[in-house]
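*Asks:* Take any residue in the sequence shown, note its place counting from 1, add 1, and you have its number in the numbering used here.
C-beta atoms are modelled at their ideal positions from N, C-alpha and C, and glycine is treated no differently.
Handing you a structure now.
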Amino acid sequence: MENIVSLCKRRGFIFPSSGIYGGINGCWDFGPLGVELKRNIKDDWWYFFVKQRADMVGLDSSILMHPEVWKASGHVDEFHDLMVDCKECKKRFREDQFVAEEDCPNKKHCDGAHLSSPKAFNMMLQTSLGASEESAVNTYLRPETCQSIFVNFKEVYSSARMQVPFGIAQVGKAFRNEINPRNFIFRSREFEQMEIEFFCKPEDEDSVFEEWKTTIWQWYLDIGLTESKMRWYSHPTESLAHYSSRTEDIEYDFPFGWGELQGLANRGCFDLTQHTKFSGKDLSFFDPTTQERFVPSVIEPSAGADRTVLAILCDAYCEEEVGTGEKSDMRTVLKLHPRIAPIKAAILPLVKKDGIAEIAQNFEAQLRKKFNTFYDQAGAIGRRYRRMDEAGTPFCICVDYDTKEDETVTVRERDSMEQVRMPMSEVAGYIESKCSFERD
Ligand code: GAP
């Protein structure tokens, strides 16, 4: 984990937020490579789950909502973790995740013997809207993106003319005042979710749940996660969230242990019923073919974008020996799927002189119109390859003396390090075919 965190900082994937002020716990900034990686993940998710499906539409709602939403959703009363205080070191911990050796500054002194009895701590972040004290409205930064999907259910299905079964997807920020943010970006206080609320007939709940199990599993494979590092975890009844009658998580084997990547929940008609009750507005669905009116059930695949980034980085990170004998060397390489790699191709002139650099620069300018590229002429070619390996760049294009003669270049593939000679005119198409969101 330390190596991954250090690579992320060194190469501009992820930094602590407000680093020059000492950072702020549970908040992270995505640097130049990180923002591209995360955006590619979110875009691919949108492509796979929304654009490619006739039964899905999208939403981008405001983060701030009417305070009644959070009463109706159950978050004001139910959205808490149990916390314990250590009377010895005066720190506060999440009860179910307290690990004395990691959490307590006194280490072995604090073996749980000095912990208070657990108290409920609401995890929503409060805020106040409006300038004057009298008119200010106290509300919350949303702790999950899905509530606005429920609240807009009627607007969406009637404007988009959707028929149940169909889903509404949203990608956006969520905020939770986590008691102990930890494990890099795994548990933070500000993060992004990629959520789907799939509305179906109550009698179809179980079959729809099974279909989504297969689909969400496949997406992780499509973006390059190793299948043997993934598993399902089925929540026992006592650990289900207040809205769920069944939840199964996809977990990933992180360097710090198995952790939740995505939850798949059966929310039944809980949310639509609650919002109908609290708002007084009918949120049922009228099926024109059967002439039936009913409150749909909801199957919810809810994924974290940041956790996906972390899983992808952990899966892709690799230190390996290359070459043999005296020429052997270690390289650090991020074996990211080309589809989500931040930079698709680096253009490297073998030498700067004799017009080679100019040819490479012009070529880079052409390719840049189609996908993310990087131009680098500094240092030995081997070291330039290594820098791109660390950034996870799948293709390095070397421009050399032969390029001047026959307009061909060498394309080096990151993982195999194999090099093929190719006409310049074919390079863009070749790389685009490898990086496309389109599946075979
Ligand atoms: N709407 C359902 C919901 O929010 P959840 O299991 O609480 O369910 C869904 O969250 C996903 O959001 C998790 O699987 C995880 O990937 C991500 N997530 C939740 N809390 C997080 C946190 N503190 N930091 C980063 N990601 C988080």
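1) With distances taken from CA atoms, which of G35, V165, Y221 and P68 is nearest E204?
2) Within 8 Å: the Cβ of S189 and any heavy atom of the ligand GAP?
3) Nearest-angstrom Cα distance between F364 and P343?
4) One question on the structure: do V85 and S117 come within less than 9 Å of each other, judged by their Cβ atoms?
5) Hey, M125 and P144: beta-carbon distance below 9 Å or not?
6) Enumerate, from N- to C-terminal direction, the unbroken alpha helix (DSSP H) stretches of 4 or more residues contained entirely within the stretch 347–425.
7) For P350 and A366, what's the separation of their Cα atoms in angstroms?
8) Give a yes or no on whether 9 Å exceeds the smallest Cβ distance from K120 to chain B.
9) Could you tell me whether any non-hydrogen atom of the ligand NAP is closer than 8 Å to the CB of Q98?
10) Taking the alpha helix (DSSP H) that T333 falls in, what are its first and last residues?
11) F122 bridges to which residues according to DSSP?
12) Around the C-beta of R294, are 16 or more other C-beta atoms found within 10 angstroms, so that it is buried, or is it exposed?
13) Going by Cα to Cα distance, which pick from N41, Q219 and C201 is closest to C270?
14) Is it true that the stretch 308–320 meets the stretch 221–236, where meeting means three or more beta-carbon pairs spaced less than 8 Å apart?
15) According to DSSP, is E193 helix, strand or coil?
16) Within a Cβ cutoff of 6 Å, which residues of the same chain sit near M389, ignoring the five residues on either side of it in sequence?
17) Would you list, in sequence order, the uninterrupted alpha helix (DSSP H) runs of no fewer than 4 residues that lie entirely inside the stretch 259–312?
18) Evaluate L130 with the Cβ neighbour count: other Cβ atoms within 10 Å of its Cβ, from every protein chain shown; 16 or more gives buried, anything less gives exposed.
19) Apart from the five residues on each side of it in sequence, which residues of its chain come closer than 7 Å, Cβ to Cβ, to W71?
20) Below 8 Å, is the gap between the Cβ of I186 and the nearest heavy atom of the ligand GAP?
21) Once DSSP output is grouped into helix, strand and coil, what is the label at E322?
22) With 16 as the cutoff for other CB atoms within 10 Å, does M231 come out buried or exposed?
23) State buried or exposed for P237, treating a residue as buried only when at least 16 other CB atoms are found within 10 Å of its CB.
*Replies:* Concretely, from the data shown:
1) Position 203 of the sequence shown holds residue 204. For E204, the nearest C-alpha among the options comes from V165.
2) Residue mapping note: residue 189 aligns to position 188 of the sequence shown, counting from 1. Yes, the ligand GAP has a heavy atom inside 8 Å of this Cβ.
3) Your numbering for residue 364 matches position 363 in the sequence shown. Your numbering for residue 343 matches position 342 in the sequence shown. Going by the C-alpha atoms only, they are around 19 Å apart.
4) As a first step, residue 85 must be located in the sequence shown, where it is residue number 84. As a first step, residue 117 must be located in the sequence shown, where it is residue number 116. For V85 and S117, yes; Cβs fall inside 9 Å.
5) Here residue 125 is taken as the residue at index 124 of the sequence shown, counted from 1. Here residue 144 is taken as the residue at index 143 of the sequence shown, counted from 1. Cβ atoms of M125 and P144: closer than 9 Å.
6) 357–369, 382–392 and 402–407
7) For this step, residue 350 is matched to residue 349 along the sequence shown. For this step, residue 366 is matched to residue 365 along the sequence shown. Taking the straight line from one Cα to the other gives about 14 Å.
8) No chain B is part of this structure, which consists of one protein chain only.
9) For the ligand NAP, the structure offers nothing, since it holds only the ligand GAP.
10) Counting from 1 along the sequence shown, the entry for residue 333 is found at position 332. From DSSP, T333 is part of no alpha helix (DSSP H) but of the beta strand (DSSP E) over D330 to L335.
11) On the sequence shown, residue 122 is found 121 positions in, with the first residue counted as 1. Beta-bridge pairing links F122 to D82.
12) Start at 1 with the first residue of the sequence shown, and residue 294 comes out as number 293. Per the 10 Å Cβ criterion, exposed.
13) On the sequence shown, residue 270 is found 269 positions in, with the first residue counted as 1. For the residues N41, Q219 and C201, the minimum Cα distance to C270 belongs to C201.
14) yes
15) Here residue 193 corresponds to residue number 192 of the sequence shown, with the count starting at 1. In this structure, E193 counts as strand in the three-state DSSP scheme.
16) For the purposes of this step, residue 389 is taken as residue 388 along the sequence shown, with counting starting at 1. Same-chain partners within the cutoff: A347 and C397.
17) 271–280
18) Residue 130 sits at position 129 when you count from the first residue of the sequence shown. L130 is exposed by the Cβ-count criterion.
19) If you number the sequence shown from 1, residue 71 lands on position 70. Once the five neighbours on either side are set aside, the close Cβ partners of W71 are V77, M125 and Y141.
20) Position 185 of the sequence shown holds residue 186. It does: the Cβ of I186 is within 8 Å (strictly closer) of some heavy atom of the ligand GAP.
21) Mapped onto the sequence shown, residue 322 falls at position 321. Residue state, collapsed to three classes: strand.
22) Looking up residue 231 in the sequence shown gives position 230. The Cβ neighbour count for M231, taken over all protein chains shown within 10 Å, is at least 16; the residue is labelled buried.
23) Within the sequence shown, the letter at position 236 stands for residue 237. Looking at its Cβ environment, which holds fewer than 16 other Cβ atoms inside 10 Å, P237 is exposed.
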